[in-house]
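See below for the structure under consideration.
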Amino acid sequence: MKKFLLIVAGAICLIVLLSHIGFMIGLLVSLAILWFAFRRFFRSDSAGGKVLWAIIGVIAIGFSLGNLPAIIGIVALVALYYVYKAWNSRKTAKPDPEDPFDNFDKQWKEMM
Numbered sequence: 001m002k003k004f005l006l007i008v009a010g011a012i013c014l015i016v017l018l019s020h021i022g023f024m025i026g027l028l029v030s031l032a033i034l035w036f037a038f039r040r041f042f043r044s045d046s047a048g049g050k051v052l053w054a055i056i057g058v059i060a061i062g063f064s065l066g067n068l069p070a071i072i073g074i075v076a077l078v079a080l081y082y083v084y085k086a087w088n089s090r091k092t093a094k095p096d097p098e099d100p101f102d103n104f105d106k107q108w109k110e111m112m
């Protein structure tokens, strides 16, 4: 039953991820432009250059805000990662308790 639920959760996460991949690419591009404009803004010496890079930065912020549904895609990607990790997890055997009476019983059975 656990594997079935992992398959269903993985399928849902994959569908959500694929439906938001365009937003994620748009967010990546707009944040890259914003980072470039931010760096150029602080490196610029002239007032005209600062105004130009500030305008480009504001436009990039607008595009970034338009691509906010990409956050849902990022959450789906993280959930898909956790489903993958849960699918590949191995059950660890519980160690034998260190109760002295249990050890005595085991040794007694070995002797008999």
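Each residue of the sequence shown is one higher than the one before, starting from 1 at the first, in UniProt numbering.
For glycine and all other residues, C-beta sits at the position ideal for the given N, C-alpha and C.
At what residues does the alpha helix (DSSP H) containing residue i begin and finish?
i	result
residue 80	70-87
residue 24	21-43
residue 64	47-66
Verify whether the separation of the beta carbon atoms of residue i and residue j is less than 9 Å.
i	j	result
residue 70	residue 26	yes
residue 18	residue 86	no
residue 88	residue 23	no
residue 62	residue 37	no
residue 20	residue 55	no
residue 52	residue 44	yes
Straight-line CA distance for residue i to residue j?
i	j	result
residue 80	residue 13	6 Å
residue 42	residue 34	13 Å
residue 82	residue 32	28 Å
residue 90	residue 29	39 Å
Could you give the C-beta distance for residue i and residue j, rounded to a whole number, given that I count them as a contact under 8 Å?
i	j	result
residue 16	residue 76	4 Å
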